[in-house]
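Asks: Dumping the structure here so I can ask a few things about it.
Laid out in structure tokens, this is it:
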């Protein structure tokens, strides 16, 4: 299945380098190879291959190469300076596509000599907006299998579950340990397992630390690793005072919806969360507008699931329900008080409507309408 970013990446390659980032096995290599096949003269190099490694180090591609794809380059010592030199001295016709996950994204946040030399494209799991002719059956498939390509397209649910078992094992035993030296392997396993059970609920580092038997700062670092590796993403409370919002407990959701341990309502909430994040990533990456996915919570713990923030302004509040189409009192209260667009998303909905300014929308129809 062709990814929607393909055409956008091809256009950006004519201007700068492109960094394609995203979770493990989300389809970055597949997309990069698909783009390479459309090029007149392309070279694909994976740093994990000994033969390719020598080509990368010696610049051993032919002079007429028009597209160079560098996969897993972050494993090369000094890769940042290598890329800077390569880009600054390249032939005018050479385009460069770099793929990777945590280290590329972490590097982007740190700011460095590559600033101004690349465009970022984030690849996320399949969404209803991306899948052609998505319908209720598609929605059920996403809830049952998650949006990663291999399990979503697998012949059976059993094959999808076999993939996931290996995927989770690979995250813990390979990606996490490669990313950072973790002294207590069992503790980080338990932390991940507990997060899977607490999706949709505010997470306290102190509370989690007591359950795991480590210090709160250790839990904080473990979760930062999970975020850097695109395992989980954070939804923090929205507040115009950034310092105050950072002090409050955040909720965490998984890029792979099927990693969630919870009832159907929680799994649906996670699917909506990753779909909204993907939409906001697209607004950020392709329109150049800063975005964030937040939630609303008062001191007395009244809460709305999500807030879409663009250019630091809240554009819409969303509450997710499996079947209840009655408008959430909290959603109505925030809407009446602040005038922010309110949307209640319901999976099992008989008819869409507007109820005193609150939009009651079908989950399927709303998610299909998003960017990507």
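Residue numbers (my numbering): 367 to 738. Where is the CB? At the ideal position from N, CA and C, for every residue including glycine.
1. Less than 9 Å between the C-beta atoms of residue 625 and residue 512, yes or no?
2. Out of curiosity, what's the CA-to-CA distance linking residue 523 and residue 692?
3. On a Cα-Cα basis, can you pick out the residue from 406, 619, 416, 440 that is closest to residue 428?
4. Which first and last residues belong to the beta strand (DSSP E) in which residue 356 is found?
5. What does the Cβ neighbour count give for residue 718, buried or exposed, with the cut at 16 atoms within 10 Å?
6. Give me the residue from 598, 616, 600, 541 with the minimum Cα distance to residue 573.
7. In angstroms with no decimal places, state the Cα-to-Cα distance between residue 591 and residue 598.
8. Report yes or no: do the stretch 675 to 688 and the stretch 525 to 538 share at least 3 C-beta pairs separated by less than 8 Å?
9. What's the gap between the Cα of residue 650 and the Cα of residue 671?
10. Please state if the CB of residue 588 and the CB of residue 623 are separated by a distance shorter than 9 Å.
11. What span of residues does the alpha helix (DSSP H) with residue 416 cover, start to end?
12. Relative to the C-alpha of residue 433, which residue among 480, 380, 389 is closest?
13. Round the Cβ separation of residue 492 and residue 515 to the nearest angstrom and send it over; I've been treating them as touching at under 8 Å.
14. Under 9 Å, do residue 394 and residue 465 count as touching if we go by C-beta distance?
15. Distance, Cα to Cα, residue 689 vs residue 440?
16. Among 417, 731, 510, 408, whose alpha-carbon lies nearest the alpha-carbon of residue 462?
17. Do residue 489 and residue 376 have their C-beta atoms within less than 9 Å of each other?
Replies: By the coordinates alone:
1. yes
2. Answer to the nearest angstrom: the Cα atoms are 34 Å apart.
3. 406
4. With the chain running from 367 to 738 in the structure shown, residue 356 is simply not present.
5. By the neighbour-count criterion, in which 16 or more other beta carbons inside 10 Å mark a residue as buried, residue 718 falls on the exposed side.
6. 616
7. 9 Å
8. The stretch 675 to 688 vs the stretch 525 to 538: no contact.
9. 21 Å
10. no
11. 416 to 424
12. 380
13. 7 Å
14. yes
15. 45 Å
16. 408
17. no
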